[in-house]
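What follows is a set of notes on a single structure, which appears directly below.
There are 2 protein chains.
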Amino acid sequence: MCELYCKKDTLALRRKHIGPSCKVFFAADPIKIVRAQRQYMFDEKGEQYLDCINNVAHEVLKAALKQMELLNTNSRFLHDNIVEYAKRLSATLPEKLSVCYFTNSGSEANDLALRLARQFRGHQDVITLDHAYHGHLSSLIEISPYKFGKGKDVKKEFVHVAPTPDTYRGKYREDHADPASAYADEVKKIIEEAHESGRKIAAFIAESMQSCGGQIIPPAGYFQKVAEYVHQAEGVFIADEVQVGFGRVGKHFWSFQMHGEDFVPDIVTMGKPMGNGHPVACVVTTKEIAEAFSSSGMEYFNTYGGNPVSSAIGLAVLDVIENEDLQENATRVGNYLTELLNKQKAKHSLIGDIRGFGLFIGIDLVKDPQRRTPATAEAQHVIYKMKEKRVLLSADGPHRNVLKIKPPMCFTEEDAKFMVDQLDEILTVLEEAIGAQTESVVSDNTPCRTKMPKETRLELLSEGAPDQKENPSQKRNGLRTDKHSLLSKRLKT
Amino acid sequence: MCELYCKKDTLALRRKHIGPSCKVFFAADPIKIVRAQRQYMFDEKGEQYLDCINNVAHEVLKAALKQMELLNTNSRFLHDNIVEYAKRLSATLPEKLSVCYFTNSGSEANDLALRLARQFRGHQDVITLDHAYHGHLSSLIEISPYKFGKGKDVKKEFVHVAPTPDTYRGKYREDHADPASAYADEVKKIIEEAHESGRKIAAFIAESMQSCGGQIIPPAGYFQKVAEYVHQAEGVFIADEVQVGFGRVGKHFWSFQMHGEDFVPDIVTMGKPMGNGHPVACVVTTKEIAEAFSSSGMEYFNTYGGNPVSSAIGLAVLDVIENEDLQENATRVGNYLTELLNKQKAKHSLIGDIRGFGLFIGIDLVKDPQRRTPATAEAQHVIYKMKEKRVLLSADGPHRNVLKIKPPMCFTEEDAKFMVDQLDEILTVLEEAIGAQTESVVSDNTPCRTKMPKETRLELLSEGAPDQKENPSQKRNGLRTDKHSLLSKRLKT
Numbered sequence: 001m002c003e004l005y006c007k008k009d010t011l012a013l014r015r016k017h018i019g020p021s022c023k024v025f026f027a028a029d030p031i032k033i034v035r036a037q038r039q040y041m042f043d044e045k046g047e048q049y050l051d052c053i054n055n056v057a058h059e060v061l062k063a064a065l066k067q068m069e070l071l072n073t074n075s076r077f078l079h080d081n082i083v084e085y086a087k088r089l090s091a092t093l094p095e096k097l098s099v100c101y102f103t104n105s106g107s108e109a110n111d112l113a114l115r116l117a118r119q120f121r122g123h124q125d126v127i128t129l130d131h132a133y134h135g136h137l138s139s140l141i142e143i144s145p146y147k148f149g150k151g152k153d154v155k156k157e158f159v160h161v162a163p164t165p166d167t168y169r170g171k172y173r174e175d176h177a178d179p180a181s182a183y184a185d186e187v188k189k190i191i192e193e194a195h196e197s198g199r200k201i202a203a204f205i206a207e208s209m210q211s212c213g214g215q216i217i218p219p220a221g222y223f224q225k226v227a228e229y230v231h232q233a234e235g236v237f238i239a240d241e242v243q244v245g246f247g248r249v250g251k252h253f254w255s256f257q258m259h260g261e262d263f264v265p266d267i268v269t270m271g272k273p274m275g276n277g278h279p280v281a282c283v284v285t286t287k288e289i290a291e292a293f294s295s296s297g298m299e300y301f302n303t304y305g306g307n308p309v310s311s312a313i314g315l316a317v318l319d320v321i322e323n324e325d326l327q328e329n330a331t332r333v334g335n336y337l338t339e340l341l342n343k344q345k346a347k348h349s350l351i352g353d354i355r356g357f358g359l360f361i362g363i364d365l366v367k368d369p370q371r372r373t374p375a376t377a378e379a380q381h382v383i384y385k386m387k388e389k390r391v392l393l394s395a396d397g398p399h400r401n402v403l404k405i406k407p408p409m410c411f412t413e414e415d416a417k418f419m420v421d422q423l424d425e426i427l428t429v430l431e432e433a434i435g436a437q438t439e440s441v442v443s444d445n446t447p448c449r450t451k452m453p454k455e456t457r458l459e460l461l462s463e464g465a466p467d468q469k470e471n472p473s474q475k476r477n478g479l480r481t482d483k484h485s486l487l488s489k490r491l492k493t
Numbered sequence: 001m002c003e004l005y006c007k008k009d010t011l012a013l014r015r016k017h018i019g020p021s022c023k024v025f026f027a028a029d030p031i032k033i034v035r036a037q038r039q040y041m042f043d044e045k046g047e048q049y050l051d052c053i054n055n056v057a058h059e060v061l062k063a064a065l066k067q068m069e070l071l072n073t074n075s076r077f078l079h080d081n082i083v084e085y086a087k088r089l090s091a092t093l094p095e096k097l098s099v100c101y102f103t104n105s106g107s108e109a110n111d112l113a114l115r116l117a118r119q120f121r122g123h124q125d126v127i128t129l130d131h132a133y134h135g136h137l138s139s140l141i142e143i144s145p146y147k148f149g150k151g152k153d154v155k156k157e158f159v160h161v162a163p164t165p166d167t168y169r170g171k172y173r174e175d176h177a178d179p180a181s182a183y184a185d186e187v188k189k190i191i192e193e194a195h196e197s198g199r200k201i202a203a204f205i206a207e208s209m210q211s212c213g214g215q216i217i218p219p220a221g222y223f224q225k226v227a228e229y230v231h232q233a234e235g236v237f238i239a240d241e242v243q244v245g246f247g248r249v250g251k252h253f254w255s256f257q258m259h260g261e262d263f264v265p266d267i268v269t270m271g272k273p274m275g276n277g278h279p280v281a282c283v284v285t286t287k288e289i290a291e292a293f294s295s296s297g298m299e300y301f302n303t304y305g306g307n308p309v310s311s312a313i314g315l316a317v318l319d320v321i322e323n324e325d326l327q328e329n330a331t332r333v334g335n336y337l338t339e340l341l342n343k344q345k346a347k348h349s350l351i352g353d354i355r356g357f358g359l360f361i362g363i364d365l366v367k368d369p370q371r372r373t374p375a376t377a378e379a380q381h382v383i384y385k386m387k388e389k390r391v392l393l394s395a396d397g398p399h400r401n402v403l404k405i406k407p408p409m410c411f412t413e414e415d416a417k418f419m420v421d422q423l424d425e426i427l428t429v430l431e432e433a434i435g436a437q438t439e440s441v442v443s444d445n446t447p448c449r450t451k452m453p454k455e456t457r458l459e460l461l462s463e464g465a466p467d468q469k470e471n472p473s474q475k476r477n478g479l480r481t482d483k484h485s486l487l488s489k490r491l492k493t
């Protein structure tokens with residue numbers, strides 16, 4: 001009824017007219033979604049999927065419609081919506097973060113944040129975290145190791161990559177006496193080395209919790225120490241809240257606030273859930289930085305940024321978060337979900353780590369809990385099996401082995417229970433298969449790869465998430481190891 | 001009734017919470033617009049303004065609402081809207097331009113166009129036109145002489161600036177035997193020089209008609225020749241249609257099509273009017289370039305780009321253009337308006353040139369028709385006086401002396417007549433004042449600046465369009481010359 005084309009034709013048209021670099025989820029069998037309601041999505045056959053991926057949904061229809069009927073124009077005219085929205089957003093932030101620039105995407109926001117930082121003291125260099133992703137624009141791919149490692153791009157000389165403060169799989173782990181200081185000292189070292197070679201640091205940028213990088217939660221105290229070093233170097237601290245802001249962590253409206261009141265970034269960028277899918281994003285900074293930018297003499301004009309409709313939608317989203325008590329919901333459901341997942345961790349050796357806050361949780365799958373070897377192929381298998389069970393999950397991180405949970409904020413305890421039950425079933429069958437398979441491998445002592453029927457291998461290879469084909473080494477890492485290549489075959493027999 | 005704050009408070013909140021680099025129109029007395037209908041805008045007092053500025057308005061409410069009620073999600077799921085929209089857009093373009101990438105702004109589109117071009121053959125350098133403006137992102141300010149001349153930015157070594165093919169005020173004028181070849185040869189020379197210093201050209205980028213640069217129409221044959229040279233250098237031709245596409249020129253859907261069927265760009269970017277104010281934009285390119293981009297291994301993902309709501313709105317805009325015959329309207333009203341303006345040109349020595357196609361017209365104001373000296377202060381005066389008469393116009397170009405006409409596509413002949421009548425009155429009074437003043441200046445032979453009461457000078461200085469304060473040399477150029485500094489005073493007495 002909502003379809004214009006049958007799925008086959010949609011796919012064909014997509015292949016013909018949409019850039020092949022734009023990947024779909026579940027490439028081997030993509031989903032066609034025609035309708036959604038709160039945390040549920042429906043395909044062309046009316047099948048219902050539980051959405052644990054789309055962190056951008058609230059109900060704001062009425063506000064959009066009302067403003068669209070009245071007026072939409074650019075910010076070169078005075079309008080109450082943009083100033084009201086700026087005022088409301090500022091009120092959620094520490095006092096010194098009071099000046100807003102509205103854009104249409106998190107990427108535009110991060111690009112502007114870099115421009116603000118670079119104009120501030122005239123410095124150029126940027127320190128970014130390993131595996132970080134900050135957007136799809138040229139200037140952001142430059143500072144996104146998640147991206148520039150792939151493709152033909154290489155690290156530019158003005159970019160410095162600090163180790164991700166990952167206490168599970170990183171350089172300094174939970175058994176380290178003071179991982180926060182150890183990781184911050186790495187940033188300090190980078191600054192010193194930059195200074196020695198005559199370079200100057202404009203900014204340190206990090207997501208308050210690293211999302212694409214594998215749902216990483218920096219240790220307490222890390223940001224404070226980094227900010228201290230960066231400020232000493234006359235740089236600014238940019239907190240990227242595009243994926244992790246707007247109450248998702250529950251207790252706080254912004255994720256960086258979890259680090260305590262003595263930590264205040266100089267620039268905060270926000271986007272994604274901000275407009276319930278409507279393209280609206282923002283940079284908030286201090287008066288001092290804004291004035292430095294302005295005094296450079298260059299105007300900033302963004303045709304759609306902060307237009308009356310976008311602002312009305314943004315305001316409505318803030319209202320919904322407040323009126324539906326979505327932060328409290330994120331805390332309650334998030335705690336419950338974490339509790340359920342920790343029970344799963346005790347039960348399944350494939351789960352190496354459960355980490356997160358509120359409705360931002362990572363499930364780190366490992367082949368071996370001691371060695372913490374990323375279970376990449378298993379994670380891909382799990383997300384495809386979850387899809388069969390009508391639950392939408394994605395896997396990410398440098399090894400693509402971390403199940404990312406960042407559902408719509410209206411996610412319920414029943415949804416959490418349902419999701420975990422499905423995961424439990426899948427992991428149980430999977431672990432049995434791996435166990436059986438390991439025995440089988442041991443018993444006949446022959447490389448499994450050569451024994452697997454061709455079609456099974458192909459199926460496995462084509463099943464990966466969108467990015468997978470890009471990196472042959474990742475494909476090998478897991479998918480072609482002897483131990484797991486038989487996975488799918490065994491599961492089907 | 002539609003106001004949340006009185007105008008004074010709106011202004012105060014704007015000063016407090018919105019970045020000072022974000023300028024308003026008519027800085028001295030900005031307009032607060034609360035409602036709009038087709039080509040009319042209404043301020044908080046209900047005053048009606050004729051809109052000759054906002055090139056982004058059609059009626060597409062119903063489509064937006066319908067899709068918002070159903071679903072909004074990202075392009076990682078299959079959806080008919082995005083493929084239908086891509087198919088419809090491709091159908092408006094030459095056959096080889098068949099692959100689309102959807103973004104949220106013309107800036108995002110131009111950034112992606114550069115990435116596509118740079119990946120294609122691995123080249124880096126970009127040739128851009130003088131005074132060009134291609135967007136507000138870091139990568140675009142680099143290639144926008146309109147921007148990087150201001151601020152602290154300087155031209156990067158991989159950017160080459162070719163002279164604007166302006167046959168009215170440029171290097172080669174209408175009296176030149178073959179200005180198209182002469183301007184194209186300048187590009188050829190740049191390519192040769194780049195090659196000599198070991199550099200490689202990735203792209204030539206130009207608006208099909210230069211908008212912010214002063215409503216410049218390249219001479220026939222120019223683009224063909226440039227494309228030939230750029231292709232020989234293994235570069236690509238990017239046509240920026242963000243401000244000038246979607247039927248605005250009347251006879252053709254895209255402005256570059258005015259140059260004949262033997263000219264086909266390799267990449268076309270589009271935005272602004274595309275979504276009736278909704279943030280939607282697009283890059284269209286060839287299969288070959290798209291595949292080269294994809295084979296680089298880097299995924300392109302734009303959270304909101306091409307989402308079902310944006311695509312539905314884009315489709316509705318295409319429908320409206322077709323159903324309301326807006327291209328035919330642009331031709332008819334545009335021709336009529338040009339005819340009226342040419343009569344004004346015969347009447348007023350301040351009008352040096354009338355140029356344009358359809359509803360994209362420039363009125364080049366000059367102090368002296370022979371020397372073509374830009375009448376910067378006069379242009380600022382005119383747009384403020386037009387505002388008093390409830391007509392919204394802007395002045396642009398490197399000298400800020402070109403009145404830009406690019407109204408909503410539903411602009412009527414009555415609107416055109418009304419606009420020209422107001423302009424006629426203003427120019428008549430202004431020319432009388434200049435005449436009187438010139439005599440007065442001549443007669444008492446004293447620099448007028450020193451004689452002008454302070455408040456009048458301040459008023460004039462603060463009246464400039466948003467960008468004006470940025471460039472003291474421009475401020476002097478006109479506003480402080482002896483001849484015109486008394487302008488406003490005389491007009492008021």
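Chains as they are written, first to last, in full-length UniProt numbering: chain E, 1 to 493; chain R, 1 to 493. Just so you know, even glycine gets a beta-carbon here, dropped at the ideal spot from N, CA and C. Note that the structure is a prediction, hence the values are computed from the model and not measured.
Residue interval of the beta strand (DSSP E) (run including residue i)
i, result
"Gly356(E)", "Ile351 to Phe357"
"Tyr40(R)", "Tyr40 to Asp43"
"Lys96(E)", "That residue, Lys96(E), is in no beta strand (DSSP E); it is neither H nor E in DSSP."
"Lys404(R)", "Val402 to Ile405"
"Thr128(E)", "Asp125 to Leu129"
"Val226(R)", "Run containing Val226(R): none in the beta strand (DSSP E); it sits in the alpha helix (DSSP H), Tyr222 to Gln232."
"Ile141(E)", "Where Ile141(E) is concerned, there is no enclosing beta strand (DSSP E), although the alpha helix (DSSP H) it sits in stretches over Ser138 to Ile141."
"Ala49(E)", "Here residue 49(E) turns out to be Tyr, not Ala, going by the sequence shown. Residues Gln48 to Asp51."
"Phe204(R)", "Ile201 to Glu207"
"Ala27(E)", "Element bounds for Ala27(E): n/a, residue is neither H nor E."
Residue j beta carbon less than 8 Å from that of residue i
i, j, result
"Ile205(E)", "Ile143(E)", "yes"
"Lys251(R)", "Thr331(R)", "yes"
"Cys410(E)", "Glu324(E)", "yes"
"Ala86(R)", "His17(E)", "yes"
"Thr167(E)", "Glu174(E)", "yes"
"Gly334(E)", "Gly358(E)", "yes"
"Asn401(E)", "Ala433(E)", "no"
"Leu129(R)", "Ala180(R)", "no"
Expected contact under 8 Å - CB spacing of residue i and residue j to nearest Å
i, j, result
"Ala227(R)", "Phe263(R)", "6 Å"
"residue 533(E)", "Glu299(R)", "Residue 533(E) lies beyond the stretch modelled for chain E, which goes from 1 to 493, so this question has no answer here."
"Gly19(E)", "Ala290(R)", "5 Å"
N-terminal and C-terminal residue of the alpha helix (DSSP H) that residue i is part of
i, result
"Lys189(R)", "Pro179 to Glu196"
"Glu378(E)", "Thr376 to Glu388"
"Arg115(E)", "Gly106 to Arg121"
"Leu365(E)", "Here Leu365(E) belongs to no alpha helix (DSSP H); instead the beta strand (DSSP E) covers Phe360 to Asp368."
"Arg372(E)", "Run containing Arg372(E): none; DSSP gives neither H nor E here."
Listed by chain order, chain C residues near residue i by CB distance under 7 Å
i, result
"Asp111(R)", "Absent here is chain C; the protein component of the structure consists of chains E and R."
Residue(s) in a DSSP beta bridge with residue i
i, result
"His79(E)", "None; His79(E) has no bridge partner."
Continuous alpha helix (DSSP H) assignments of at least 4 residues falling wholly in the stretch 307-331 of chain E: 308-323
Can you give, in chain order, each stretch of the beta strand (DSSP E) that sits fully within the stretch 240-304 of chain E and has at least 3 residues? 267-270 and 281-285
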